[in-house]
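Below is one structure; the comments refer to it alone.
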């Protein structure tokens with residue numbers, strides 16, 4: 001085994017994307033093993049690799065880790081993306097939980113039936129522009145520094161950038177009323193490891209094409 005973390009998931013964003021982002025931000029190279037059919041998931045389940053019978057799963061430091069938050073917590077701690085003390089970690093957790101909530105809305109949009117998509121889209125755009133982005137704009141204003149917590153890069157910054165870029169895919173110009181988030185986006189995008197991850201050919205995943213959704217669903221259901 002190479003020693004690089006190995007990520008087991010389908011070849012798309014889903015719950016694994018935030019883990020890819022954290023590893024990339026930390027400058028950590030990783031390998032991926034893609035689930036392409038139901039049998040690939042079944043094999044992992046049968047060989048005891050999945051504690052709760054589900055992915056994401058990451059092989060790292062001799063462990064087969066499952067549960068997205070646990071994996072992200074471990075990576076953030078290992079690579080100094082989790083604040084300098086308990087109070088900073090609590091703030092990071094609080095911000096990340098908000099980002100998780102918005103991310104759930106974004107992920108669920110892809111699997112909405114056709115007659116529900118418009119309503120779901122309106123709801124997630126409303127939540128982004130009237131609940132979550134104003135909150136992070138205020139954090140940056142009150143904090144007065146370049147990052148969300150302390151004055152160093154944390155998992156909260158990395159995951160906020162990820163969600164901002166996803167929101168802009170849905171609605172270009174969504175940050176028009178949020179000047180501090182616009183500046184934040186520019187700053188974080190220019191961090192060398194993140195800038196590299198944003199280049200074509202990286203392991204960052206594009207949105208899953210609509211025609212591929214049924215194939216992904218067949219793997220998990």
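Numbering (full-length UniProt numbering), first residue to last: 1 to 221.
For every residue, glycine included, the Cβ atom is placed at its ideal position computed from N, Cα and C.
Comparing alpha carbon positions, the residue from 159, 14, 128, 179 closest to residue 141 is 179.
Annotation for residue 51: no alpha helix (DSSP H) segment contains it, and DSSP assigns it neither H nor E. Look at the beta carbons and you see the region 149 to 161 touching the region 87 to 99: at least three pairs across the two are nearer than 8 Å. Residue nearest to residue 87 within the set 6, 150, 19 is 150 (criterion: CA-CA distance).
In the DSSP assignment, residue 7 is bridged to 32, 58. The beta-carbon separation of residue 6 and residue 33, rounded to 6 Å, stays under the 8 Å limit for a contact.
As the crow flies, the alpha-carbon of residue 136 is around 43 Å from that of residue 46. Every alpha helix (DSSP H) stretch that sits fully inside the region 145 to 216 and reaches 4 residues is listed by chain position as 155 to 170, 179 to 189, 192 to 197. Here residue 197 is buried: its Cβ has 16 or more other Cβ atoms, across all protein chains shown, within 10 Å. Taking 9 Å as the cut-off, the Cβ atoms of residue 167 and residue 81 do not count as close. Burial state of residue 103 is buried, judged by a 10 Å Cβ sphere holding 16 or more other Cβ atoms. Of the residues assessed, residue 119 falls on the exposed side of the cut-off, its CB having fewer than 16 other CB atoms within 10 angstroms.
Pairing residue 13 with residue 203 gives a Cβ-Cβ distance that is not under 9 Å. Per the C-alpha coordinates, the member of 69, 188, 134, 147 positioned closest to residue 174 is 134. Taking C-beta atoms as the reference points, residue 184 and residue 165 fail to come closer than 9 Å.
Among the bridge pairs identified by DSSP, residue 65 is matched with 58. For residue 148 against residue 72, the beta-carbon gap comes to about 15 Å, at or over 8 Å, which does not count as contact.
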